[in-house]
Structures are given as C-alpha cells and as structure tokens.
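Worksheet: one structure, shown below.
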Amino acid sequence: MADPLGLITTTGTLPTEIGRGASSVRPTHDGPSFKDVLKSQIDEVNALQQGAREAVEDLASGKRDDVEGVILATQQAETAFRLLLQVRNKVMDAYEEVKQIRV
Numbered sequence: 101m102a103d104p105l106g107l108i109t110t111t112g113t114l115p116t117e118i119g120r121g122a123s124s125v126r127p128t129h130d131g132p133s134f135k136d137v138l139k140s141q142i143d144e145v146n147a148l149q150q151g152a153r154e155a156v157e158d159l160a161s162g163k164r165d166d167v168e169g170v171i172l173a174t175q176q177a178e179t180a181f182r183l184l185l186q187v188r189n190k191v192m193d194a195y196e197e198v199k200q201i202r203v
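Residue 203 is where the sequence shown ends in the numbering used here, and the numbering goes up by one at each step.
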C-alpha cells in the first residue's frame with residue numbers, strides 16, 4: 101500500500117518532523133489529479149450526450165435510418181450521465197462528512 105502522507109518510513113518509525121510543519125511532508129503524485137480525471141469524464145459524458153442528440157436529430161430529419169444505433173447512443177449517454185451523477189452524489193456526501201469533522 102502506498103503512503104500518501106509520507107508518514108511511514110522503512111524502519112517503521114514516524115519521521116521526527118511531524119507537528120513542526122505540514123509543509124515538510126509532501127505526498128508524491130504519480131498519476132493525474134482527481135480534478136483532471138473528473139474533468140475528462142465530464143467531457144466524455146458531454147460528448148456522448150451531444151452524439152446522442154445528433155443521432156436523434158439525424159433520425160428525425162431522415163439522415164439516418166438505423167433506429168438501433170440511435171437507441172444505443174441514447175442509452176450509452178444516459179448510462180454515462182447516471183454514473184457521473186452517482187459519482188457527484190458520493191463526492192458531495194464525502195464533503196458533507198468532512199464538514200462535520202471537528203478539529
């Protein structure tokens with residue numbers, strides 16, 4: 101398991117700098133931030149919704165005739181949106197829990 105706070109050393113003891121300043125302990129990030137991942141997922145859901153909207157408009161105007169493709173596009177967009185909404189709800193629940201923590 102990774103040590104995001106840098107508090108676990110190889111000897112099993114805590115660093116001596118704890119409490120002297122939080123700036124001395126910096127976590128290392130190897131991948132993208134949560135914000136970047138969330139933004140890319142929002143952009144992807146938006147693209148799916150736009151594609152589904154275009155598919156429905158094309159079907160209505162007669163540019164397409166594959167109803168199955170339109171249904172598939174709308175279902176994918178709806179499922180992606182519902183998943184993103186659940187992620188948002190979990191993040192808001194976590195935020196509410198953090199707000200309740202007394203320091």
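Every residue, glycine too, gets a C-beta built ideally from N, C-alpha and C. As the structure is a prediction and not an experimental result, all values here were calculated from the model.
Check your understanding: In terms of residue numbering, what span does the alpha helix (DSSP H) encompassing Gly151 cover?
Key -> The sequence position of residue 151 within the sequence shown is 51, counting from 1. Judged by DSSP secondary structure, Gly151 falls within the alpha helix (DSSP H) whose first and last residues are Phe134 to Ser161.
Check your understanding: Nearest CA to the CA of Lys190: which residue from Ser133, Leu138 and Asp130?
Key -> On the sequence shown, position 90 is the one that residue 190 refers to. Comparing Cα-Cα distances from Lys190 to each of Ser133, Leu138 and Asp130, the minimum goes to Leu138.
Review point. What residues in its chain sit with their C-beta under 6 Å from that of Leu159, if we drop five residues either side in the sequence?
Key: To locate residue 159, count along the sequence shown from 1; it is residue 59. Cβ neighbours of Leu159 beyond the five flanking positions: Val170.
**Study point:** Segment contact flag, the stretch 172 to 191 with the stretch 142 to 158, C-beta cutoff 8 Å, min 3 pairs
**Key:** The stretch 172 to 191 vs the stretch 142 to 158: in contact.
Review point. Candidates Phe134, Asp130, Lys135 and Ala152: which alpha carbon is nearest Glu178's?
Key: The residue you call residue 178 lines up with position 78 of the sequence shown. Nearest Cα to Glu178 within the set Phe134, Asp130, Lys135 and Ala152: Ala152.
Point to revise | For Gly169, the first and last residue of its enclosing alpha helix (DSSP H) | key: Reading the sequence shown from its first residue, position 69 is the one you call residue 169. First-last of the alpha helix (DSSP H) with Gly169: Val167 to Gln200.
Practice item. Throw me the rounded Cβ distance for the Ala155 and Ala180 pair, which I believe falls under 8 Å. Key: Residue mapping note: residue 155 aligns to position 55 of the sequence shown, counting from 1. Residue mapping note: residue 180 aligns to position 80 of the sequence shown, counting from 1. About 14 Å; that fails the 8 Å criterion.
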